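In what follows, a structure is listed as structure tokens, so that the remarks can point back to it.
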Amino acid sequence: MDHTLLLSAIAKHISLEKEEEEYLIQFLHPKKIKKKQLLLEEGEVNSKLIYVTGGCLRSYAVDKNGFEHVLQFAPPGWWIGDMHSQLEQLPARLNIDAVEDSEIIFILKPDFDALLLKVPKLERYFRILGQNALAAYQYRQIDHLSLPAIERYGNFCKMYPSLIRTLPQKQVASYIGVTPEFLSKMLNNAIVK
């Protein structure tokens, strides 16, 4: 298994000694995921941290009318999960599945807890990721409340430039908070202008 992508991502924020890297690597489990395969289903407890090394995953909730609401896409180099479920070990409210055939590395929750005790530097790494995620979430919420759909779409394109041509329009629409029909009409109007 190639850990290069993950170790490089970690090295952007902290410096691990060789022994610390080796300790981390023993807890990493690779897995190949087929398109549309569920990794977490609403109601299950999120028992692992998931890092994407290939393909793309998404997290989403389904409302009482059966509509999907995409919260996150995770291309290579991104972590994904239901954080509340993982932290509190309560049933998840999110689903996580593969948008396309994908490859992941996962760490089981008990191993993650042991890892943080043995390699405290990783707490700093995950704190930085958590802060960055919270800041991005806050801005996304502000955008969702105050920007027109075309600008939310533009922000989506900036955040996920590698995905814009590969994701189904239905999922992009869900992420920016519009119907697929509205998104199609909006994009057609933008092209005409």
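Residue numbers (the numbering used here): 275 to 467. For glycine and all other residues, C-beta sits at the position ideal for the given N, C-alpha and C. The structure displayed is predicted, hence computed values, not measured ones.
What's the gap between the Cα of Leu403 and the Cα of Ile324? The residue given as residue 403 occupies position 129 in the sequence shown. The residue given as residue 324 occupies position 50 in the sequence shown. Distance between the alpha carbons of Leu403 and Ile324 is about 14 Å.
Round the Cβ separation of Gln443 and Leu457 to the nearest angstrom and send it over; I've been treating them as touching at under 8 Å. Position 169 of the sequence shown, counting from 1, holds the residue named residue 443. Position 183 of the sequence shown, counting from 1, holds the residue named residue 457. With a Cβ gap of about 6 Å, Gln443 and Leu457 count as contacting.
Limits of the alpha helix (DSSP H) - the one that Arg426 falls within: Counting from one through the sequence shown, the residue named residue 426 turns up at place 152. First-last of the alpha helix (DSSP H) with Arg426: Ala423 to Met433.
What residue range is occupied by the uninterrupted alpha helix (DSSP H) comprising Ser376? Walking along the sequence shown from the start, residue 376 turns up at place 102. Run containing Ser376: none in the alpha helix (DSSP H); it sits in the beta strand (DSSP E), Ser376 to Leu382.
Should Arg332 be labelled buried (16 or more other beta-carbon atoms within 10 Å of its own) or exposed? In the sequence shown, counting from the first residue as 1, residue 332 sits at position 58. Burial call: buried.
Please say whether Leu382 and Lys322 have beta carbons closer to each other than 8 Å? Start at 1 with the first residue of the sequence shown, and residue 322 comes out as number 48. Start at 1 with the first residue of the sequence shown, and residue 382 comes out as number 108. Yes.
Asn369 - containing beta strand (DSSP E), residue span: For the purposes of this step, residue 369 is taken as residue 95 along the sequence shown, with counting starting at 1. Looking at the DSSP string, the run of the beta strand (DSSP E) that includes Asn369 is Asn369 to Ala372.
At which residues does the alpha helix (DSSP H) containing Arg398 begin and terminate? As a working mapping, residue 398 is identified with position 124 in the sequence shown. First-last of the alpha helix (DSSP H) with Arg398: Lys395 to Ser420.
What first and last residue would you give for the beta strand (DSSP E) that runs through Glu342? Position 68 of the sequence shown, counting from 1, holds the residue named residue 342. From DSSP, the beta strand (DSSP E) with Glu342 extends over Glu342 to Ala348.
Alpha-carbon spacing of Ala407 relative to Ser289, whole angstroms: Position 133 of the sequence shown, counting from 1, holds the residue named residue 407. Position 15 of the sequence shown, counting from 1, holds the residue named residue 289. Each residue's alpha carbon lies about 21 Å from the other.
Where the alpha helix (DSSP H) containing His358 begins and where it ends: Against the sequence shown, residue 358 aligns to sequence position 84. Start and end: Met357 to Glu362.
Thr440 in three-state terms, based on DSSP: Sequence index remark: in the sequence shown, residue 440 carries index 166 (1-based). Coil, per DSSP.
DSSP state of Leu313 mapped onto helix, strand, coil: Residue 313 sits at position 39 when you count from the first residue of the sequence shown. Strand, per DSSP.
Residue closest to Asn369, alpha-carbon to alpha-carbon, out of Gln363, Ser376, Ile354 and Asp375: Taking the first residue of the sequence shown as 1, we reach residue 369 at position 95. Considering only alpha carbons, the answer is Ile354.
Local Cβ density within 10 Å of Asp356, reported as buried at 16 or more and exposed below that: Position 82 of the sequence shown, counting from 1, holds the residue named residue 356. Label assigned to Asp356: buried.
From Glu425 to Gly451, what does the alpha carbon distance come to, in whole angstroms? Against the sequence shown, residue 425 aligns to sequence position 151. Against the sequence shown, residue 451 aligns to sequence position 177. Cα to Cα, Glu425 sits roughly 12 Å from Gly451.
Rounded C-alpha distance that separates Val373 from Val446: The residue you call residue 373 lines up with position 99 of the sequence shown. The residue you call residue 446 lines up with position 172 of the sequence shown. Whole-angstrom Cα-Cα distance: 12 Å.
In whole angstroms, what is the alpha-carbon distance linking Phe386 and Ile465? Here residue 386 is taken as the residue at index 112 of the sequence shown, counted from 1. Here residue 465 is taken as the residue at index 191 of the sequence shown, counted from 1. Going from the Cα of Phe386 to the Cα of Ile465 covers about 48 Å.
What residues in its chain sit with their C-beta under 7 Å from that of Ala247, if we drop five residues either side in the sequence? The question about residue 247 has no answer, for the chain in this structure spans 275 to 467.
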